[in-house]
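Undergrad: In full-length UniProt numbering, the protein residues as written are 1 to 287.
#1: Report yes if the C-beta distance between residue 165 and residue 189 is below 8 Å; otherwise report no.
#2: Do you know how far the Cα of residue 270 is from the Cα of residue 129?
#3: Is the Cβ of residue 226 closer than 8 Å to any Cβ of chain B?
#4: Could you check whether the region 38-56 touches the region 88-107, counting it as contact only if at least three pairs of C-beta atoms, one from each stretch, sit closer than 8 Å?
#5: Going by CA-CA distance only, name the one from 117, 32, 262, 176 that's closest to residue 229.
#6: Could you compute how far the alpha carbon of residue 227 sits from the alpha carbon of residue 145?
#7: Give me, in chain order, the residues of the same chain whose beta-carbon lies closer than 8 Å to that of residue 156; leave out the 5 immediate sequence neighbours on both sides.
#8: How many Å lie between residue 98 and residue 76 at the Cα?
#9: Counting pairs of Cβ atoms below 8 Å between the region 271-282 and the region 172-182, do you hit three or more?
#10: From residue 217 to residue 237, what distance separates their C-alpha atoms?
#11: Taking the straight line between their C-alpha atoms, what separation do you get for residue 91 and residue 180?
#12: Determine the extent of the beta strand (DSSP E) in which residue 212 is found, giving its start and end residues.
#13: Using the beta-carbon count (16 or more within 10 Å), is residue 28 buried or exposed?
#14: Just to confirm the assignment, what range does the beta strand (DSSP E) spanning residue 191 have?
#15: Can you give the Cα-Cα distance for residue 109 and residue 281, rounded to whole angstroms?
#16: Could you compute how far the alpha carbon of residue 279 sits from the alpha carbon of residue 207?
#17: Cβ atoms of residue 266 and residue 289: under 8 Å apart, would you say?
#18: Note down, in chain order, each residue of its chain lying with its Cβ closer than 7 Å to the Cβ of residue 124, except the 5 sequence neighbours on either side.
#19: Take the Cβ of residue 221 as the centre, count every other Cβ of all protein chains shown within 10 Å, and call the residue buried at 16 or more, exposed below.
#20: Starting from residue 156, follow the beta strand (DSSP E) in both directions and report where the run begins and ends.
#21: Over what stretch of residues does the beta strand (DSSP E) that includes residue 76 continue unbroken?
Have a look at this one:
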């Protein structure tokens, strides 16, 4: 956090207007980071020690987990400079299992997702590398790759057992979803952060910070499960959807301002928080 600035004072400021903290700025008590705190705190200490120490910690966890990438290669993390010249990032991961990783927050959170949601990450990598096989690497990614990249960078997983709330999110009905339906959060719906660029932005939260919500219909009993079981269910369900949905488009997402999520930001306890039409906008199209 920038010296002399409290989080509420930053709530409406874009990250570009304040000095972005480094690894020491991760506050694991914040709801968007708390789900990754167990492993994240260890990695944070390694990152503050050195680049080499961070890669060592990541690879020790990868060896224990036995995770594979999009084409079944064992997951490992390498320095960015070890990516061969001219190699495509996603294709290299798919072919070798090695994820080029820089000593920065962006890649720190990207690596975290390989452990938090391994099937989703493997599915994204498989679809990206398959598209590269067909189209090569050009100046544009194409619609499917753009959607996969948007998911990877900025997705929120919106788990919901109540169609009324899912419809409210799709239709930009913020009053139903975030004010009138406030008591349903944690009982009928919840959110997991996935996008690593989104998590990087949330180092310094600002009111307009918006994720792309991927709506996941869950059974009512989902909310009686513990966090590990919920994450595993989301990972399997969303990973399968990403692999099996041929026509992936950005229209599958719904925008959701992160600081508007009930329980995630103290200022949103006042209903007037949602009166800011520059953040909580009305829909521009039928979804």
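For each residue, glycine too, the CB sits at the ideal point set by N, CA and C.
TA: Inspection of the coordinates gives the following:
#1: yes
#2: 46 Å
#3: Here chain B cannot be found, since the structure has a single protein chain.
#4: yes
#5: 117
#6: 30 Å
#7: 191, 192, 193, 194, 195, 198, 211, 212, 213, 214, 256, 258
#8: 5 Å
#9: yes
#10: 9 Å
#11: 46 Å
#12: 210-217
#13: exposed
#14: 189-193
#15: 28 Å
#16: 7 Å
#17: This structure leaves residue 289 out entirely; the chain is present only between 1 and 287.
#18: 148, 151, 152, 242
#19: exposed
#20: 155-160
#21: 76-79
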